[in-house]
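K.L.:
Below are the structure tokens for one structure; questions will follow.
Protein chains: 2
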Amino acid sequence: MTIIEKSTLIGKPIPKLDAPSKVTGEARYLQDIELPGMLHGKILRTDRVHARILSIDTTAAKALRGVHAVITAEDTPGVPLGHGRDNPPLKGDRVRCIRDEVAAVAAESEEIAAEAVRLIKVEYEDLPAVFSPADALKEGAPVIHDAHPNNIPFTFNYDHGDIAKGERESDTIVEDTFRLHFVTHCCMGVSGIIANFDSQGMLTLYSQTQMPFLFKRDLSRIIEVPPEKIRVIQPVIGGAFGSKLDIYPFEPICIFLAKATRRPVRLVYTREEEFLASPTRQPVELTLRSGVRKDGTLTFREVSTLHDNGGHTSWGATTPFVMMQTFSSLYRAEHCRYQTTVVYTNNPYSGAFRGYGNLQATFAVESHMDKLAAAVEMNPFEFRLHNAQECGETTPQGMIFQTCGLRDCLQLATDKSDFVRKHKEYAAGQQGPVKRGIGMASLLHVGGGAKIYHTDGCGTILKIDDYAKVTVMTGSSEIGQGSETVIAQFVAEELGLGVSQVEVINNDSEIRPWDVGVHASRTTFVAGNSALRAARKARQKLLQAAGPKLDANPEDLDLRGGHVVREDTGEALLELGKLIRALHFRDKHEIVVTSEYYEPPSVMQDKEFKGNVSPTYAFGTHVAEVEVDTQTGIVRVVKVTAVHDVGRVINKLGIEGQIEGGVVMGVGYATRENLVVDAGRVMNPSFRDYKLVTAPEIPEIDIACVETMDPYGPAGAKGIGEAPSICISPAIVNAVHNATGVRFYELPLTPEKVLRTLQSAQESGE
Amino acid sequence: MTIIEKSTLIGKPIPKLDAPSKVTGEARYLQDIELPGMLHGKILRTDRVHARILSIDTTAAKALRGVHAVITAEDTPGVPLGHGRDNPPLKGDRVRCIRDEVAAVAAESEEIAAEAVRLIKVEYEDLPAVFSPADALKEGAPVIHDAHPNNIPFTFNYDHGDIAKGERESDTIVEDTFRLHFVTHCCMGVSGIIANFDSQGMLTLYSQTQMPFLFKRDLSRIIEVPPEKIRVIQPVIGGAFGSKLDIYPFEPICIFLAKATRRPVRLVYTREEEFLASPTRQPVELTLRSGVRKDGTLTFREVSTLHDNGGHTSWGATTPFVMMQTFSSLYRAEHCRYQTTVVYTNNPYSGAFRGYGNLQATFAVESHMDKLAAAVEMNPFEFRLHNAQECGETTPQGMIFQTCGLRDCLQLATDKSDFVRKHKEYAAGQQGPVKRGIGMASLLHVGGGAKIYHTDGCGTILKIDDYAKVTVMTGSSEIGQGSETVIAQFVAEELGLGVSQVEVINNDSEIRPWDVGVHASRTTFVAGNSALRAARKARQKLLQAAGPKLDANPEDLDLRGGHVVREDTGEALLELGKLIRALHFRDKHEIVVTSEYYEPPSVMQDKEFKGNVSPTYAFGTHVAEVEVDTQTGIVRVVKVTAVHDVGRVINKLGIEGQIEGGVVMGVGYATRENLVVDAGRVMNPSFRDYKLVTAPEIPEIDIACVETMDPYGPAGAKGIGEAPSICISPAIVNAVHNATGVRFYELPLTPEKVLRTLQSAQESGE
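So the sequence lines, in the order shown, correspond to chains X and F. Quick note on numbering: the first sequence equals residues 1286 to 2051 in the numbering used here. Quick note on numbering: the second sequence equals residues 1286 to 2051 in the numbering used here.
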């Protein structure tokens, strides 16, 4: 008699299922896909920041041997794309920023295509340009889009409570202004697409999109192909981080080239192009004004932000949706007002980027919190704890915190890092030129999607074949975040199998069921719930079938280790494969196929931006310890203590990877990364000049997870995709302040900036 | 108000969905697939027909630059394969026929692999060989497999009634012996496979197999990889006709090469190899003895057959299962006995081939029927009609003819071809050296699979996405027979869409649900029913959802032209895509996914080979009109009238294609095709010497379908895959007899054979 003890995969460290294929080079990225007869596409971008196009001469390019098509706006329907629908794929009349597309070529090799692009002659008439929101708002500023003569495509206004009342209740009011800069995703896999029309007019796209179903819908309008004629296949994606959430001009351009040449066309960016012409994190200027009572209670928070929208409108323009959540609900603020102005400039435009505005918002709020704490002479930890939410609250913005680990995160991060003692000690003054400092910051983010469409759900189809091999066809996409592995874990757990018995199919829109896409940290929660429920249905089916076969009540049975076992004793009664074969071949002649569409219990916000937009929320606290060399200006992040309310750990390795990656990305944002845009031009489009954090700069990272067991989460889990990148930069800035007494209102903390600021502070006697 | 009239796709001529991709060259066959790092496999086959292997020297082959592996039996587990499990992939001790595999190479190109194969030195000791079943049964004949010292791996014995009684009731008894020859499939796509182990030990096979799920199971045992670690992807298949129903040695050999080299390996036959080493239709000698009463009633039928099994046992050995159906049940024969002996020889071995023994059985039965008719001085048509079954009968073998169009086929074929008049006229004698003749023959075949496994079912998963695009994931495979199109028709019909709205996914074992495979003319019936039922569930779901939305009773609604309409008036009420989007985005947040496993109402035969093995049976009558040039021996088939009971026509174009293809194959079998095997060696391994019927030899084909509306068939349909090839050769032989008065007992009717036979008949005064 074999006994199989109850065990669980949940919380175990499971290596990512796709890791071996990635480390062996087996994984096929877009760049590895060759279709028969495939041509190579290349885009001519403008070299002007704002200009009228007078003429485009493609004669020489067309005449080049090996060139199959040269297209300009004239050859396309000209339907504008992007979230703001203000950006035609190819520009016919006018260019508005340095990344604007003017013409495109399909040729037999990338080299020929590049040569053809060089042969295209464009005559321009330069127009006056504007490079800051403030300038763009000035009377008489150049108008960038005629539809918006004031250069303002969007404003957002949110409020709750009564600011005047809040002011009256305040003992102290603090006002700060913060300015955030351009950074970009730096995906290892550059942007690209392959477009292929078959002889029946069906368009297959090999695309890195994060939202295959919405991609079909949105592209359809632009390329004039019905959505049901578009198939989206995702090759292995080399990072996305939000950069692949919108449609960008290169995508329809590649499709137009395929249409023009009746050949498959691959269009892949060079690394330089990736820096010049992929989305950025949006630069924002934020002014915060908050009141506090003597006892440390926040009274009101008033925020106004000014967003540099660049020359066109992509998702970057909508980040205020997320920013306002942090303003209104990261801490209790009885009165809150938030006003945003999104302004066109002739700068590059910005898109979605991990954290989606929340890095900027949290940088401002959590820097500001330290100043408020100081104003009431409270320790930063105590001040935050005093204002932190608790489980069960509904915030004035309508967010329902079914679970809320913020206080536990604050406490644990403080304890693990010895924050209170060190903060006091470092502030008391240090000898020598290298000063130590410690700082903290917390975060609030959606933890299970954000209902910005009428559904935020994900579909699953599950089949188990006759050797107990499970195939899970999920709507959700793997973009490197580890969703495949988590989904396999949920399914394997439910069916008493190992993860290697589960194959996750997630890359073909014709096969997988519908899903919104990868955004808003939703995959573990939404796709996980969907897979879990499909697996649970299969489990029920199997136990129901096993019951009569084993002369047992299905409720007394369990699935463990590939067997049907007695729930109480663990006695293995029947191999699962045998049960499935019996069911299929002998008993009922059936196969085990189930499906599920999981819709999270969230709602769309109302016109006032209120409503429980996510079924759950993620919280976290980071403590950063730094060394500031006051002679060189070098800020070294020594250690980060990262504590996250993750609901429940599903894959220990996966969650650690996400947290480490987010911390590193945040450290880069805080200390090194800067896409230098000068008069609309990107000045450092290479990894030599755009400085990512590399191994030597990565601090020690001490990770802890608070498990609040979300009642709606799959096995209690919340999303963790974005959270770890959000609150690291204010923790660092707060630590630098703790070390030096000097506060930084802008990032990144490059040695030059730090040194200059420390010196001028010294001069001004701060 | 838009009115959409009720219309149907059933019976319409629908071009095959995969036709454009095939005619444009878009379709990717096995030969077109390149995997990164792929090597090329090549097999060394023996040049002996029966020999002991003394030594194999692979030194020189291994030393050749570009060679990655050279393997022999020693490097493999040596588990024997094939239906008889008597055939190890690589032979270590002994070769038994000319196609036997001795060693294999994987190299960087096909050329290097071929050169390496030439460098392998094998020492043999020849053994006495035997090339006919009769010789192999003789006392002291060489023993080919030690497990069968009498050289008989299988016998089959069937009987019903009492032959002695039948003899007593007979007025006339006729006995004939027929001998049938080797032919082979001549698939345009030669045999081949690609094997690829990934870094996690998962084996992906790009295989042309007709039975992906059983292939996994059967291979597993041979290659020692668990079935759940095997994924079978079918590229576009260039014809199969049964040749890809078993596992053949090249398949595990390619896998062993991939294992040895840790690289993907492609092994594709040359055309010569395809002739030398792919399965054949099995040669059979049949002796029929039948009795008839004066009134034309058949009394008994006694049959004994001798099968040349070749050196190993593949599916060819089991064709008696099908042959006996024709003996026992094509016409009413109250008493029947059938005895088969399957005999090993040192000839090539045979496999499954469209018709599966029934071409041989029907050739014999229907030649014999004409002789019986003549014996009682009845017209062949009248004689057949007198003995034909009717709808509703259960034959003594247990076959239940829920529908039976045999009489209608006989009548219609006779009427269309003016058979009775012409037969009489031609027999009366003709002037000149070119004689006209007309002949007829009928057939019985399974029309909806054959339950030779415990299930004969097929699974379907169906999803409809938000633009009313339907994906049908079917277990069934497209091997050129048009199943994709028929499945799309059933689904489109049920959902009121066009076939172009339906995508059929049918090539990946990880995605599609279980299916037995393509055999026994089962796909339209079984996979069709499965798809139809899955679509019906989706239809119900959609109408149930539409009802409340439209304030209507779902039963008063219909789906037509992509809309929900009022059943009675056809008034278009709601676009289907809109309904699905509403259901998904607004109402219930659900997606439309359904699944089905359809098991046909057939049973496995008992030990006496009795039982209703198929849910339905196909019938047909062919009339052939020929011209025999008595000076050259050339038989020209002028016209074939092909009438089939197809249950119901689903795709008019598809069914015509199947019937035309079957007739052409049958004409080839009757008049031209012959795999010449001399002392175990294939003498004509090329299309120059193996003469297929080509365009100039194709007769006029007059097709008619009898629609008996099968109660279990999807929309009333039966399978048509094999039937059209079955009864053409006896119709031709009967026509030649009608023209010349000379009967042929062997095929093919080559000019040499015809001339010689006519001359010797003349000499003997026949």
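All C-beta atoms in this analysis are idealised placements derived from N, C-alpha and C, irrespective of residue type, glycine included. Note that the coordinates shown come from a computational prediction; the quantities given were computed from them, not determined experimentally.
#1: Ignoring anything shorter than 4 residues, give me the alpha helix (DSSP H) runs that lie fully in the stretch 1601-1642 of chain X, in order along the chain.
#2: List the residues of chain X whose Cβ lies closer than 7 Å to the Cβ of Tyr1882 of chain F, in chain order.
#3: Note the first and the last residue of the continuous alpha helix (DSSP H) segment covering Val1308 of chain F.
#4: Does the Cβ of Pro1633 of chain F have 16 or more other Cβ atoms within 10 Å, making it buried, or fewer, making it exposed?
#5: Determine the direct distance from the alpha carbon of Glu1852 of chain X to that of Arg1370 of chain X, and round the result to whole angstroms.
#6: Please go through the stretch 1374-1406 of chain F and give each complete beta strand (DSSP E) segment of 3 or more residues, from N-terminal end onward.
#7: So if I threshold CB-CB distances at 7 Å, which residues from the stretch 1786-1798 of chain X count as touching chain F?
#8: Of all the CB atoms in chain F, is at least one closer than 7 Å to the CB of Ile1746 of chain X?
#9: Go ahead and label Arg1957 of chain F buried or exposed: buried means 16 or more other beta carbons lie within 10 angstroms of its beta carbon, across all protein chains shown.
#10: Distance check for Pro1365 of chain X and Asn1435 of chain X, CA to CA, integer angstroms please.
#11: Between the C-alpha atoms of Glu1359 of chain X and Ala1346 of chain X, what's the straight-line distance to the nearest angstrom?
#12: For the ligand FAD, any of its heavy atoms closer than 6 Å to the Cβ of Thr1679 of chain X?
#13: Please determine, among F:Ile1540, F:Val1931, F:Gly1642 and F:Arg1551, the residue with the shortest C-alpha to C-alpha distance to Glu1570 of chain F.
#14: Helix, strand or coil: which one does DSSP assign to Ile1416 of chain F?
#15: Within 7 Å of any Cβ in chain F, is that where the Cβ of Gln1485 of chain X sits?
#16: Quick one: measure Cβ to Cβ for Asn1969 of chain X and Val1961 of chain X, integer angstroms, because I've assumed they're closer than 8 Å.
#17: Here's the rule I'm using: 16 or more other beta-carbon atoms within 10 Å means buried, otherwise exposed. How should Leu1339 of chain X be labelled?
#18: Measuring alpha carbon to alpha carbon, tell me which of X:Ile1288, X:Thr1626 and X:Phe1535 ends up nearest Ala1421 of chain X.
#19: Establish whether the CB of Thr2042 of chain X and some CB of chain F are separated by less than 7 Å.
#20: Is the beta carbon of Ser1761 of chain X closer than 7 Å to that of Ala1812 of chain X?
#21: Please look up how many angstroms separate the CB atoms of Phe1500 of chain X and Val1517 of chain X, rounded, as I've assumed it's under 8 Å.
#22: Only counting the same chain, and skipping five residues up and downstream in sequence, which positions put a Cβ closer than 6 Å to that of Ala1646 of chain X?
#23: So who's on the other strand from Asp1987 of chain F, going by DSSP bridges?
#24: Whose C-alpha, out of F:Ala2020, F:Gly1951 and F:Lys2038, is nearest the C-alpha of Ile2013 of chain F?
#25: Report the rounded CA-to-CA distance for Met1663 of chain X versus Arg1574 of chain X, giving the unit in angstroms.
#26: On a Cα-Cα basis, can you pick out the residue from F:Leu1329, F:Arg1333 and F:Arg1337 that is closest to Thr1343 of chain F?
#27: Nearest chain F C-beta to Asp1593 of chain X closer than 7 Å, yes or no?
#28: Give the range of the beta strand (DSSP E) segment to which Gly1595 of chain X is assigned.
#29: Under 7 Å between beta-carbons, which chain F residues line up against Arg1871 of chain X? List them in chain order, please.
#30: By the three-class DSSP mapping on this structure, what secondary structure does Cys2012 of chain X have?
#31: If we require 3 or more residues per run, which beta strand (DSSP E) segments fall completely within the stretch 1862-1924 of chain F?
#32: Any C-beta of chain X sitting closer than 7 Å to the C-beta of Lys1754 of chain F?
#33: Ignoring anything shorter than 3 residues, give me the beta strand (DSSP E) runs that lie fully in the stretch 1493-1570 of chain X, in order along the chain.
#34: If distances are taken between C-alpha atoms only, which option among X:Gly1724, X:Ser1614 and X:Tyr1623 comes closest to Glu1667 of chain X?
#35: Are Gly1415 of chain X and Ala1432 of chain X touching if we call contact CB-CB under 7 Å?
#36: Leu1861 of chain X and Arg1548 of chain X: beta carbons closer than 7 Å?
P.N.:
Judging by the given coordinates:
#1: 1605-1614
#2: His1874, Glu1875 and Ile1876
#3: Ala1304 to Val1308
#4: buried
#5: 58 Å
#6: 1386-1392
#7: Gln1786, Glu1788, Ile1790, Glu1795, Ile1796 and Pro1798
#8: yes
#9: buried
#10: 20 Å
#11: 16 Å
#12: Ligands in the displayed structure: none, and consequently the ligand FAD is not present.
#13: F:Gly1642
#14: The sequence as given places Phe at residue 1416 of chain F; Ile does not occur at that position. It is coil, neither helix nor strand.
#15: yes
#16: 5 Å
#17: exposed
#18: X:Thr1626
#19: no
#20: yes
#21: 6 Å
#22: Met1608 and Thr1611
#23: F:Thr1926
#24: F:Gly1951
#25: 18 Å
#26: F:Leu1329
#27: no
#28: Leu1583 to Gly1595
#29: His1739
#30: coil
#31: 1877-1883 and 1902-1914
#32: yes
#33: 1515-1518 and 1550-1553
#34: X:Gly1724
#35: It should be noted that the sequence gives Val, not Gly, for residue 1415 of chain X. Their beta carbons are not under 7 Å apart, which means Val1415 of chain X does not touch Ala1432 of chain X by this criterion.
#36: no
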